[in-house]
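Numbering (our numbering), first residue to last: 1353 to 1625.
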């Protein structure tokens, strides 16, 4: 299979992908409040199974979650004030000019046609008060376990040719993308990922979680590159081998053993001019 393909199983994605941290939403809302942004309508573009949408609906009167993959939308978490739709994340043609208070894109922006999306975002976001929030994360490291992380790196190297080239955008914390807004704010964690010193301070990690080693196995199998690899190598599961090697390296004998993870994560906030 070509690495250009993007494939996810919505049920597993919904169950095993981690939730975004409270710190991300806190920074988004603080930024939005600085110019008296309203909380009527938010678009969550590239919503997946609605991980961000179900948090946004606690603050906004109306949330529209859009995703290009029917499998994701079919497994999205329902809420009374969320409307889910199948469609390209760049297609905001249904929304009137300057009618939207916020657009969020969580770990999906690297798939978008950026020029087309930015043009539409500037059109539909409210002048001066409309906020664009783009955030995304790369594969996590296991906290304080360098031996295990060497194994993870080796496994990711094996999947490299099956990884969509656009993943480079999130791997470099979206720094390769030119955001056409006068005002932007960047947040990157961990600090080691802020190689160009553009990040503002954060109160904590933007993305960390604890999970069992077995759930870590399931999580790693939600990656598009994994699906691509398995289509070509159905009898060679790189994630199963990785988990077995990690368990040996860390002397883990119980699949319910809990490991601590941190994801290299970027949050970019911009206000419509």
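C-beta atoms are modelled at their ideal positions from N, C-alpha and C, and glycine is treated no differently. Computed from a predicted model, the values in this text were never measured in an experiment.
Practice problem: Note the first and the last residue of the continuous beta strand (DSSP E) segment covering residue 1623. | Solution: 1617-1623 is the span of the beta strand (DSSP E), which, as asked, contains residue 1623.
Exercise. Please work out which residues of its chain come closer than 8 Å, Cβ to Cβ, to residue 1575, disregarding the five sequence neighbours upstream and downstream, and give them in chain order.
Key: A distance below 8 Å between beta-carbons, with the five flanking residues on each side excluded, links residue 1575 to the following residues of its chain, in chain order: 1491 and 1511.
Practice problem: Rounded to whole angstroms, what's the CA-CA distance from residue 1596 to residue 1493? Just pull it up for me. | Solution: 16 Å
Exercise. Check whether the segment 1368-1381 touches the segment 1429-1438, taking contact to mean three or more Cβ pairs, one atom from each stretch, closer than 8 Å.
Key: No, the segment 1368-1381 does not touch the segment 1429-1438.
Quiz item: At which residue ranges does the segment 1519-1583 contain complete beta strand (DSSP E) runs of 3 or more residues, listed in the order of the chain?
Solution: 1535-1541 and 1560-1564
Quiz item: Starting from residue 1436 and walking both ways along the alpha helix (DSSP H), at which residues does that stretch end?
Solution: From DSSP, residue 1436 is part of no alpha helix (DSSP H) but of the beta strand (DSSP E) over 1434-1438.
Self-check item: Contacting residues, own chain, Cβ-Cβ under 6 Å from residue 1429 (five flanking each side not counted)
Solution: 1402 and 1406
Quiz prompt | Per-residue DSSP class, three states only, for residue 1485 | solution = strand
Exercise. Flag this pair as yes or no: are the beta carbons of residue 1419 and residue 1408 separated by less than 8 Å?
Key: no
Practice problem: Determine the contact status of residue 1483 and residue 1398, defining contact as a CB-CB distance below 8 Å. | Solution: no
Exercise. In angstroms with no decimal places, state the Cα-to-Cα distance between residue 1518 and residue 1383.
Key: 28 Å
Quiz item: Under 8 Å, do residue 1486 and residue 1457 count as touching if we go by C-beta distance?
Solution: yes
Quiz item: Looking only at C-alpha atoms, which of 1391, 1440 and 1567 sits nearest to residue 1478?
Solution: Looking at the Cα atoms, 1391 is the closest of the given residues.
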